[in-house]
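Down below is the structure, laid out as structure tokens.
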Amino acid sequence: MIQLVMIFLAFACSLLLTRYLTIPGTWFYILDHPNERSLHDSPTPRAGGLAIFITIALFIVFISATTDLDLSDLLWLAAGSVLVALVSFVDDYMNLSFLFRLMVQTIAAGIVIYGG
Numbered sequence: 257m258i259q260l261v262m263i264f265l266a267f268a269c270s271l272l273l274t275r276y277l278t279i280p281g282t283w284f285y286i287l288d289h290p291n292e293r294s295l296h297d298s299p300t301p302r303a304g305g306l307a308i309f310i311t312i313a314l315f316i317v318f319i320s321a322t323t324d325l326d327l328s329d330l331l332w333l334a335a336g337s338v339l340v341a342l343v344s345f346v347d348d349y350m351n352l353s354f355l356f357r358l359m360v361q362t363i364a365a366g367i368v369i370y371g372g
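The numbering of the sequence shown is this note's numbering, which starts it at 257 and goes up by one.
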């Protein structure tokens with residue numbers, strides 16, 4: 257039952273943060289304008305992934321504080337997540353090449369796998 261509550265809370269937190277970060281006028285409000293790389297026809301907010309990352313980070317901290325799970329086990333997951341979030345956030349501001357993003361994401365996956 258506690259797992260269902262955690263899933264619901266994570267979903268609600270992510271939804272609320274996404275809603276906040278995509279409000280016009282906030283400094284997070286970044287629009288993706290249609291170009292050859294995009295799949296949409298009109299300007300679309302881009303900071304939704306940041307809300308998901310923040311939610312995951314908060315729940316990693318919460319889980320490590322409320323369970324007997326060793327924090328070092330979660331640090332590998334956090335390190336990989338930070339790399340992916342960072343390259344994604346930078347890509348929102350400037351167009352990074354897909355090869356660079358793929359390389360960083362592969363390194364992040366390797367970090368998570370190495371950490372077990």
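Virtual Cβ for every residue (Gly too), placed ideally from N, Cα, C.
Bear in mind that the values here come from a model prediction, so they are computed numbers and not experimental data.
task = With distances taken Cα to Cα, identify the nearest neighbour of Asp347 among Leu306, Pro280, Gly372.
result = It is Leu306.
message = Comparing C-alpha positions only, which one of Ile308, Thr311, Pro280 sits nearest to Thr300?
response = Nearest C-alpha to Thr300: Pro280.
query = Are Ile310 and Leu330 closer than 9 Å when you measure CB to CB?
reply = Taking a C-beta distance under 9 Å as the contact criterion, Ile310 and Leu330 do not qualify as a contact pair.
key: Of the residues Leu277, Thr274, Ile308, the one placed nearest Val340, counting alpha carbons only   = With distances taken between Cα atoms, Val340 lies closest to Ile308.
Selected residue, minimal CA-CA separation from Gln259, among Phe318, Ser337, Gly304, Ile369 = Taking only the C-alpha atoms, the option nearest Gln259 is Phe318.
task = Indicate whether Leu327 and Ser320 have their beta-carbon atoms separated by less than 9 Å.
result = Yes; because the gap between Cβ atoms is below 9 Å, this pair is in contact.
inquiry  = Just list the residues that DSSP pairs Pro301 with in beta bridges.
reply    = Looking at the DSSP assignment, Pro301 forms a beta bridge with Leu287.
query = What do you get for Ser298, buried or exposed, if any count of 16 or more other CB atoms within 10 angstroms of its CB means buried?
reply = Exposed.
key: Backbone CA spacing between Leu325 and Asn291 [nearest angstrom]   = Going from the Cα of Leu325 to the Cα of Asn291 covers about 45 Å.
ask   = Would DSSP call Ile279 helix, strand or coil?
value = Three-state result, Ile279: coil.
task = Find the nearest neighbour of Trp332 within the set Ala268, Thr274, Leu265, Val368, judged by alpha-carbon distance.
result = Selected option, being the one with the closest Cα: Val368.
message = On the criterion of 16 or more Cβ atoms from any shown chain inside 10 Å, does Leu277 qualify as buried, or is it exposed?
response = The C-beta of Leu277 has 16 or more other C-beta atoms within 10 Å across all chains shown, which makes the residue buried.
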